[in-house]
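In my numbering, the protein residues as written are 40 to 270. Since the structure comes first, as structure tokens, the remarks are kept for the end.
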């Protein structure tokens with residue numbers, strides 16, 4: 040893969056890092072890929088490469104850099120304990136500001152031809168939704184974003200196309216939370232909401248016990264179809 044770490048400037052002169060992966064042809068539409076709580080780890084970098092092979096210029100920013108730069112955790116008990124601590128201390132508005140900087144940087148890169156989308160998993164799914172409301176992305180994909188139901192006061196700000204993936208048996212996201220998102224976006228022309236039966240939270244991650252190959256493949260294909268139409 041043609042990939043490397045790059046610096047992303049903030050408005051106050053600081054910088055944080057992001058993992059950039061380029062498509063085989065070198066140019067394409069952009070995706071800001073937003074991590075799970077385990078950081079921009081090996082799995083997230085592999086997903087970035089996966090979407091790069093699909094023809095996208097992918098930038099995965101380090102969301103936790105204000106707490107500790109370069110978080111890269113495993114999906115074991117020790118890694119998860121650290122990951123949830125980072126999540127607990129995350130400043131969402133500042134994270135959205137940082138992601139907005141990543142969106143703007145990606146949009147200005149010569150390798151990016153076309154629009155820029157956000158795409159996130161778990162915590163990143165919530166942040167992708169917030170990017171749709173605040174960061175000026177052209178589209179957003181949200182995989183099992185926990186907490187979206189607590190931010191539906193921003194739903195009216197989402198004017199770009201948005202795709203939600205939810206797990207029917209998600210032990211982190213209740214059915215009532217999914218129902219609330221469906222009530223807010225069910226009649227919106229710009230929104231698509233998909234719920235996958237008999238799968239749990241994290242079904243896209245092949246390093247987690249909840250991984251489900253069929254649901255992951257279907258959701259990936261749907262995400263590519265969605266992005267291909269709107270970017």
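C-beta atoms are modelled at their ideal positions from N, C-alpha and C, and glycine is treated no differently.
Could you spell out the range, first to last residue, of the alpha helix (DSSP H) harbouring residue 149? Here residue 149 belongs to no alpha helix (DSSP H), and DSSP marks it neither H nor E.
Buried or exposed: where does residue 131 fall if 16 or more other Cβ atoms within 10 Å of its Cβ makes it buried? exposed
Buried versus exposed call for residue 245 [16 or more other C-beta atoms within 10 Å across all chains shown]: exposed
How would you write the range of the alpha helix (DSSP H) that residue 116 sits in, first residue to last? First-last of the alpha helix (DSSP H) with residue 116: 116 to 127.
Under the DSSP definition of a beta bridge, which residues are partnered with residue 97? 60, 70
Strand pairing of residue 41, partner residues [DSSP]: 61
Kindly indicate which three-state DSSP category residue 249 falls into: helix, strand or coil? coil
If we ignore side chains and look at the alpha-carbon of each, how far apart do residue 95 and residue 263 end up? 10 Å
CA-CA distance, residue 280 and residue 48? Nothing in the structure corresponds to residue 280, since the chain is present only between 40 and 270.
Taking only three categories from DSSP, how would you classify residue 86? helix
Starting from the N-terminal side, write out each stretch of the beta strand (DSSP E) that is 3 residues or longer and does not extend beyond the stretch 173 to 198. 178 to 182
Check whether the stretch 184 to 195 and the stretch 101 to 116 are in contact - that is, three or more C-beta pairs closer than 8 Å. no
Count the other C-beta atoms from every protein chain shown that fall within 10 angstroms of the C-beta of residue 92, then say buried if there are 16 or more, exposed otherwise. exposed
How should residue 106 be labelled, buried or exposed, when 16 other C-beta atoms within 10 angstroms of its C-beta is the threshold for buried? exposed
With three or more beta-carbon pairs closer than 8 Å as the criterion, would you say the stretch 199 to 212 touches the stretch 84 to 91? Put simply, the stretch 199 to 212 does not touch the stretch 84 to 91. Fewer than three CB pairs are less than 8 Å apart.
Can you give me the Cβ contacts of residue 220 inside the same chain, cut-off strictly under 8 Å, excluding the 5 residues immediately before and after it? So the qualifying residues of the chain are 187, 188, 191, 203, 205, 232.
For the putative contact between residue 240 and residue 211, defined by C-beta atoms under 8 Å, what is the C-beta separation to the nearest angstrom? Their Cβ separation, rounded to whole angstroms, is 5 Å, which keeps residue 240 and residue 211 in contact under 8 Å.
Which class does residue 54 belong to by DSSP, given the choice of helix, strand or coil? strand
Using 10 angstroms around the beta-carbon of residue 140, count the other beta-carbons present and answer buried if the total reaches 16, otherwise exposed. buried
Residue 217 lies in the alpha helix (DSSP H); which residues open and close that run? 214 to 224
Determine the closest residue to residue 57 out of 110, 68, 115, with distance taken between C-alpha atoms. Here the closest residue by C-alpha is 110.
Who are the near neighbours of residue 230 in its chain, counting only those whose CB is closer than 6 Å to its CB and skipping five residues on each side? 201, 224
Is the Cβ-Cβ distance between residue 150 and residue 52 less than 8 Å? no
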